[in-house]
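Undergrad:
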Amino acid sequence: MFSFVARDLAIDLGTANTLIYAKDAGIILNEPSVVAVKKVGNKKVPIAFGAEAKAMLGKTPPGVDVVRPVRTGVIADFEVAGMMLAHYLDKVTDNNITIFKPRVIVGIPCGITEVEKRAIRLSIENKTREVQLVDEAMAAAIGSNLPVDEATANMIVDIGGGTTDIAVISLGDVVQALSVRQGGDTIDEAIINYLRRVRHLLIGELTAEKIKLTIGSAHSDFDTLEMKVKGRSLTSGAPHCITVTSKEMRESMSEVVSSIISAIRQTLEITPPELAGDIISTGLNLSGGGSLLRGLEKRLSEELGIKVHRAPDPISAVVAGAGLFLQNSQHYQEYRKNAAEREMLI
1 MFSFVARDLA
11 IDLGTANTLI
21 YAKDAGIILN
31 EPSVVAVKKV
41 GNKKVPIAFG
51 AEAKAMLGKT
61 PPGVDVVRPV
71 RTGVIADFEV
81 AGMMLAHYLD
91 KVTDNNITIF
101 KPRVIVGIPC
111 GITEVEKRAI
121 RLSIENKTRE
131 VQLVDEAMAA
141 AIGSNLPVDE
151 ATANMIVDIG
161 GGTTDIAVIS
171 LGDVVQALSV
181 RQGGDTIDEA
191 IINYLRRVRH
201 LLIGELTAEK
211 IKLTIGSAHS
221 DFDTLEMKVK
231 GRSLTSGAPH
241 CITVTSKEMR
251 ESMSEVVSSI
261 ISAIRQTLEI
271 TPPELAGDII
281 STGLNLSGGG
291 SLLRGLEKRL
301 SEELGIKVHR
311 APDPISAVVA
321 GAGLFLQNSQ
331 HYQEYRKNAA
341 EREMLI
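Just so we're aligned, residue 1 is where the sequence shown starts under this note's numbering, counting upward by one.
#1: Can you give me the start and stop residues for the beta strand (DSSP E) that Thr186 sits inside?
#2: With a cut-off of 8 Å, do at least 3 Cβ pairs link the segment 285-304 to the segment 60-78?
#3: Roughly how many angstroms separate the alpha carbons of Gly349 and Glu189, rounded to a whole number?
#4: How would you write the range of the alpha helix (DSSP H) that Ser233 sits in, first residue to last?
#5: Which one of Gly82, Val174 and Lys91 has the shortest CA to CA distance from Pro109?
#6: Could you tell me which of Glu302, Leu304, Gly305 and Gly321 sits nearest to Ala311, measuring between CA atoms?
#7: Should the segment 108-127 be called in touch with the segment 253-268, which here means at least 3 C-beta pairs below 8 Å?
#8: On the three-pair Cβ rule with 8 Å, is the segment 156-170 touching the segment 221-232?
#9: Inspect the CB distances between the segment 162-173 and the segment 297-310 and report whether three or more fall short of 8 Å.
#10: Quick check: what's the CA-CA separation for Pro62 versus Lys44?
#11: May I have the straight-line CA-CA distance separating Leu13 from Pro69, to the nearest angstrom?
#12: Reducing DSSP to helix, strand and coil, say where His309 ends up.
#13: Under the three-state reduction of DSSP, which class applies to Ile20: helix, strand or coil?
#14: So, for Ala119: in the same chain, excluding its five sequence neighbours on each side, which residues have a beta-carbon less than 6 Å away from its beta-carbon?
#15: How many Å lie between Ala153 and Ala263 at the Cα?
#16: If you draw a straight line from the alpha carbon of Leu304 to that of Ala218, how long is it in whole angstroms?
#17: Quick one, which of Asn30, Ile166 and Ile211 has its alpha-carbon nearest Ser252's?
#18: With C-beta atoms as the reference, is Asp347 less than 8 Å away from Lys247?
#19: Straight-line CA distance for Ser3 to Arg103?
#20: Comparing alpha-carbon positions, which option in Val148, Gly107 and Ala141 lies nearest Ile135?
#21: Could you name the residues of the same chain whose beta carbon sits closer than 8 Å to that of Asn17, not counting the 5 residues immediately before and after it, in chain order?
#22: Mind checking whether Val169 and Ala141 have CB atoms under 8 Å apart?
#23: Taking the continuous beta strand (DSSP E) assigned at Gly82, which residues delimit it?
#24: DSSP has Glu31 in a bridge; who is on the other side?
#25: With H, G and I counted as helix, E and B as strand and the rest as coil, what does DSSP make of Leu284?
#26: Throw me the rounded Cβ distance for the Ala139 and Ala167 pair, which I believe falls under 8 Å.
#27: Just how far apart, CA to CA, sit Asp8 and Ile28?
#28: Expressed to the nearest angstrom, what Euclidean distance is found between the alpha-carbon atoms of Ile215 and Thr245?
#29: Report the option in Glu269, Ala81 and Ser236 whose CA atom is closest to the CA atom of Leu199.
#30: Which of the three DSSP states, helix, strand or coil, is assigned to Ile112?
#31: Can you tell me which of the three DSSP states Pro126 falls into?
#32: Just tell me which of Leu202, Val64, Phe49 and Lys307 has its CA closest to the CA of Met364.
#33: Using DSSP with H/G/I as helix, E/B as strand and the rest coil, what is Arg103?
#34: Give the secondary structure of Ala349 by DSSP, where H, G and I count as helix, E and B as strand, and everything else as coil.
#35: Going straight from the alpha carbon of Leu122 to that of Ala238, what length do you get?
#36: Taking the alpha carbon of Gly323 as the point to measure from, which residue in Asp185, Glu274, Ala151 and Ser144 has its own alpha carbon closest?
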């Protein structure tokens with residue numbers, strides 16, 4: 001079968017995971033943003049991608065590195081990021097013969113620089129015929145099925161692996177936006193630091209993530225959970241196993257959660273009064289993998305005094321929203337025009 005034009009794609013290039021959405025097909029790829037590379041002279045040769053590479057974290061022999069090319073929502077290792085995106089795009093591209101490469105739209109944090117935007121474009125432009133960038137918060141709001149076109153405030157808080165994007169949206173455009181480089185990875189680091197400092201146990205990234213998913217919480221309602229954690233004792237240097245409680249983990253990550261709450265407050269403080277009043281009625285909407293932290297909705301509701309809702313599928317909200325944006329680009333023409341003027345969409 002022959003196809004003249006490759007299908008359009010939306011990409012959520014996240015710190016933790018890369019998701020790809022295809023027009024009329026939905027999400028066709030969801031893989032960790034991780035690459036295992038072997039050094040051959042001065043070159044980096046990829047040997048594994050995604051889940052296979054992530055399983056190698058902390059377990060590789062000399063000469064093999066497991067790299068996370070995206071940090072805090074932006075590309076930290078341009079070469080490896082290019083390898084990863086090329087691999088994923090090849091993986092989801094049909095074997096049909098095509099004349100034109102796909103159009104691609106990529107979700108980006110609202111606070112990144114022009115240099116960081118250019119790095120994202122360069123990493124995939126040889127695989128595409130057109131690259132567009134869209135605010136992750138706007139994409140998350142669309143993917144969460146919020147009425148972004150209406151004359152009322154919709155507040156979205158997208159908590160990803162490396163960044164938390166906060167935006168107030170009305171009449172199809174972003175009124176106020178703020179991005180903080182705190183997210184799921186910061187929580188993992190806080191757990192690692194706590195266990196090293198207080199319990200004198202050294203653990204790796206995979207173990208920290210497992211603790212967060214198993215007993216991590218943001219509210220005292222979940223303080224009764226506990227689990228056994230294996231690592232290396234910093235006092236004896238030998239393998240060691242301890243029992244940690246969800247209360248300890250809540251305390252270890254409290255600074256990160258407080259930073260996110262502070263950023264939401266800051267956004268509300270600069271929101272026009274009429275829209276701030278709307279948010280009391282409509283509430284705050286959560287998306288992103290970080291929103292799955294136990295008790296987060298209740299903690300935010302208690303501290304901010306407003307209702308908190310979570311997207312039906314928070315992990316895929318950004319890529320699904322970017323895909324809908326690409327599919328119905330004319331519908332969001334006003335946002336595209338205003339964003340281009342603000343250099344938010346290139």
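Virtual Cβ for every residue (Gly too), placed ideally from N, Cα, C.
TA: Straight from the coordinates:
#1: What you label residue 186 is simply residue 186 of the sequence shown in a count that begins at 1. Not the beta strand (DSSP E): Thr186 falls in the alpha helix (DSSP H), residues Gly184 to Arg197.
#2: No, the segment 285-304 does not touch the segment 60-78.
#3: Any question about residue 349 goes unanswered here, given that the chain covers just 1 to 346.
#4: Stepping through the sequence shown from its first residue, residue 233 is reached at position 233. In the DSSP annotation of this structure, Ser233 is not part of any alpha helix (DSSP H); the continuous beta strand (DSSP E) holding it starts and ends at Glu226 to Ser233.
#5: Taking the first residue of the sequence shown as 1, we reach residue 109 at position 109. With distances taken between Cα atoms, Pro109 lies closest to Val174.
#6: Against the sequence shown, residue 311 aligns to sequence position 311. Ranked by Cα distance from Ala311, the first of Glu302, Leu304, Gly305 and Gly321 is Gly321.
#7: The segment 108-127 is not in contact with the segment 253-268.
#8: Too few Cβ pairs lie closer than 8 Å, so no.
#9: Between the segment 162-173 and the segment 297-310, the count of Cβ pairs shorter than 8 Å is below three; the stretches do not touch.
#10: The residue you call residue 62 lines up with position 62 of the sequence shown. The residue you call residue 44 lines up with position 44 of the sequence shown. In this structure, the straight-line span from the alpha carbon of Pro62 to that of Lys44 is close to 14 Å.
#11: Position 13 of the sequence shown holds residue 13. Position 69 of the sequence shown holds residue 69. Pairing Leu13 with Pro69, the inter-Cα distance amounts to about 10 Å.
#12: What you label residue 309 is simply residue 309 of the sequence shown in a count that begins at 1. In the three-state reduction of the DSSP assignment, His309 falls in the strand class, which pools E and B.
#13: For the purposes of this step, residue 20 is taken as residue 20 along the sequence shown, with counting starting at 1. Assigned with DSSP and collapsed to three states, Ile20 falls in strand.
#14: Numbered from 1 along the sequence shown, position 119 holds the residue referred to as residue 119. Only Ile75 and Phe78 meet the Cβ criterion.
#15: What you label residue 153 is simply residue 153 of the sequence shown in a count that begins at 1. What you label residue 263 is simply residue 263 of the sequence shown in a count that begins at 1. Near 18 Å, if we compare the C-alpha coordinates of Ala263 and Ala153.
#16: Taking the first residue of the sequence shown as 1, we reach residue 304 at position 304. Taking the first residue of the sequence shown as 1, we reach residue 218 at position 218. Looking at the backbone, the Cα of Leu304 and that of Ala218 are separated by about 14 Å.
#17: Reading the sequence shown from its first residue, position 252 is the one you call residue 252. Ranking Asn30, Ile166 and Ile211 by Cα distance to Ser252 puts Ile211 first.
#18: Any property of residue 347 remains undetermined from this structure, which presents the chain solely from 1 to 346.
#19: Locating residue 3 in the sequence shown gives position 3, where the first residue counts as 1. Locating residue 103 in the sequence shown gives position 103, where the first residue counts as 1. Reliability of the predicted coordinates at Ser3 is poor, the pLDDT of 49 falling under 50, and no value is obtained from them.
#20: Translated into the one-based positions of the sequence shown, residue 135 becomes position 135. What sits at residue 135 in the sequence shown is Asp, not Ile. With distances taken between Cα atoms, Asp135 lies closest to Gly107.
#21: Mapped onto the sequence shown, residue 17 falls at position 17. The residues are Asn30, Glu31, Pro32, Ser33, Gly161, Gly289 and Ile315.
#22: One-based indexing of the sequence shown puts residue 169 at position 169. One-based indexing of the sequence shown puts residue 141 at position 141. The residue asked about is misnamed: residue 169 is Ile in this sequence, not Val. The Cβ atoms of Ile169 and Ala141 lie closer than 8 Å to each other.
#23: As a first step, residue 82 is located in the sequence shown; it is residue number 82 there, counting from the start. First-last for Gly82: Phe78 to Val92, but that is the alpha helix (DSSP H), not the beta strand (DSSP E).
#24: Numbered from its first residue, the sequence shown carries residue 31 at position 31. DSSP output for Glu31 lists Thr18 as bridge partner(s).
#25: Indexing the sequence shown from 1 puts residue 284 at position 284. DSSP places Leu284 in strand when its eight states are reduced to three.
#26: Numbered from its first residue, the sequence shown carries residue 139 at position 139. Numbered from its first residue, the sequence shown carries residue 167 at position 167. 10 Å between Cβ atoms; not a contact.
#27: Walking along the sequence shown from the start, residue 8 turns up at place 8. Walking along the sequence shown from the start, residue 28 turns up at place 28. The straight-line gap from Cα to Cα measures roughly 12 Å.
#28: Looking up residue 215 in the sequence shown gives position 215. Looking up residue 245 in the sequence shown gives position 245. Whole-angstrom Cα-Cα distance: 7 Å.
#29: Walking along the sequence shown from the start, residue 199 turns up at place 199. Residue identity check: residue 199 is Arg in the sequence provided, not Leu. Nearest to Arg199 by C-alpha distance, out of Glu269, Ala81 and Ser236, is Ser236.
#30: The residue you call residue 112 lines up with position 112 of the sequence shown. For Ile112, the three-state secondary structure derived from DSSP is coil.
#31: Residue 126 sits at position 126 when you count from the first residue of the sequence shown. Pro is not the amino acid found at residue 126; the sequence shown has Asn there. DSSP, read as helix, strand or coil, puts Asn126 in helix.
#32: This structure cannot settle anything about residue 364, because the visible part of the chain is limited to 1 through 346.
#33: In the sequence shown, residue 103 corresponds to position 103, counting from 1. Secondary structure at Arg103: strand, using DSSP grouped into helix, strand and coil.
#34: Since the first and last residues shown for the chain are 1 and 346, residue 349 lies out of range.
#35: Counting from one through the sequence shown, the residue named residue 122 turns up at place 122. Counting from one through the sequence shown, the residue named residue 238 turns up at place 238. Distance between the alpha carbons of Leu122 and Ala238: 46 Å.
#36: Working through the sequence shown from its first residue, we reach residue 323 at position 323. Among Asp185, Glu274, Ala151 and Ser144, the Cα nearest to that of Gly323 belongs to Ser144.
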